[in-house]
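*Asks:*
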Amino acid sequence: MTKIHLIRHGQTEWNISRRVQGHSDSVLTDTGRKQAMDLGKKLSHIKFDIAYSSSSIRAYETAELILNRTLKEIHKLDSLKEINLGVWEGMRYSDVETEYPDQFKCFFNSPSKFELNGGETFHQLQSRAVQSLKTIVEANRDKKIILVSHGMFIRSLLVFIENRPLKDFWNTPAIHNCSQSIVEERNSGYKIIMYADLYNWNLV
Numbered sequence: 556m557t558k559i560h561l562i563r564h565g566q567t568e569w570n571i572s573r574r575v576q577g578h579s580d581s582v583l584t585d586t587g588r589k590q591a592m593d594l595g596k597k598l599s600h601i602k603f604d605i606a607y608s609s610s611s612i613r614a615y616e617t618a619e620l621i622l623n624r625t626l627k628e629i630h631k632l633d634s635l636k637e638i639n640l641g642v643w644e645g646m647r648y649s650d651v652e653t654e655y656p657d658q659f660k661c662f663f664n665s666p667s668k669f670e671l672n673g674g675e676t677f678h679q680l681q682s683r684a685v686q687s688l689k690t691i692v693e694a695n696r697d698k699k700i701i702l703v704s705h706g707m708f709i710r711s712l713l714v715f716i717e718n719r720p721l722k723d724f725w726n727t728p729a730i731h732n733c734s735q736s737i738v739e740e741r742n743s744g745y746k747i748i749m750y751a752d753l754y755n756w757n758l759v
């Protein structure tokens, strides 16, 4: 059995200012760093075999703070980055809604139909996320893996594992900063053991 701990990065400056992040980056706030360190303490009883992180600074710093040098290396992968949202990145959500009203509405109400020039679709995000997970699992059979990434990336994986259509993307629990989802991979496929949990870290 392979166990994958999927963790969203800690709170960032752009989370606070309600700006679109995507492939662009924003540093962790003091709260975000504390979230990561607190999670690291809660998970200190788990001996992870290998660590992966999105190459985005906010995810990699979160991984470093969680692991606190307990592993020699954190593997940074571009394929674990958040959805690419093109020209929206860096904009406040309120400004996106004003300047791109139809696409903004589609983003939240009809995600399976969303398209943005220079960005990724939800289908492309999910395809990338699923392939990344499969590649990592194939290379690390029967190991405990920690993977630090992003809210929409993680949500796309969980929607896939639950065999739900992308139109239901937002009809799932929120992936909060430094929440943990756990997925197990067995011969029969993937199973969600924990979904975006913030409170029961000591039970895993």
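When the letters of the sequence shown are read in order and numbered with our numbering, they come out as residues 556 to 759. Built from N, CA and C at the ideal position, the CB exists for glycine as well.
1) Straight-line CA distance for residue 569 to residue 581?
2) Across the segment 668 to 685 and the segment 599 to 612, are there enough close Cβ pairs to call them in contact, namely three or more that are closer than 8 angstroms?
3) Using CA atoms only, rank isn't needed, just tell me which of 561, 670, 654 and 747 is closest to residue 640.
4) Taking the beta carbon of residue 705 as the centre, do at least 16 other beta carbons fall within 10 Å, making it buried, or is it exposed?
5) Could you check how far apart the C-beta atoms of residue 632 and residue 687 are, in whole angstroms? I think they sit under 8 angstroms.
6) Given a threshold of 16 other Cβ atoms within 10 Å of its Cβ, counted over all protein chains shown, does residue 758 qualify as buried or as exposed?
7) Between 749, 696 and 656, which lies nearest to residue 709 when the distance is taken from Cα to Cα?
8) Where are the alpha helix (DSSP H) runs, 4 residues long or more, that stay fully inside the segment 578 to 663, in chain order?
9) CB-CB under 8 angstroms to residue 643, same chain, minus the five flanking residues each way: which ones, in chain order?
10) Rounding to the nearest angstrom, what Cα-Cα distance links residue 693 and residue 591 in this structure?
11) In angstroms, rounded to a whole number, what distance separates the CA positions of residue 739 and residue 682?
12) I'd like to check one pair, residue 713 with residue 514: are the Cβ atoms closer than 8 angstroms?
13) Classify residue 600 as buried or exposed, calling it buried when 16 or more other Cβ atoms lie within 10 Å of its own Cβ.
14) Residue 593: which of 680, 585, 621 and 571 sits nearest, CA to CA?
15) Going along the chain, which residues of its own chain have a beta-carbon closer than 6 angstroms to the beta-carbon of residue 630, five neighbours each way excluded?
16) Looking at residue 647 and residue 572, is the spacing between their C-beta atoms short of 8 angstroms?
*Replies:* Judging by the given coordinates:
1) 6 angstroms
2) Using a C-beta cut-off of 8 angstroms, the segment 668 to 685 makes no contact with the segment 599 to 612, since fewer than three inter-stretch Cβ pairs fall below that distance.
3) 670
4) Buried.
5) 7 angstroms
6) The predicted position of residue 758 is uncertain, since its pLDDT is 48 and thus under 50; no value can be drawn from it.
7) 749
8) 585 to 597, 612 to 622 and 648 to 654
9) 575, 577, 651, 655, 671 and 674
10) 27 angstroms
11) Each residue's Cα considered, the two are about 19 angstroms apart.
12) This structure cannot settle anything about residue 514, because the visible part of the chain is limited to 556 through 759.
13) exposed
14) 621
15) 607
16) yes
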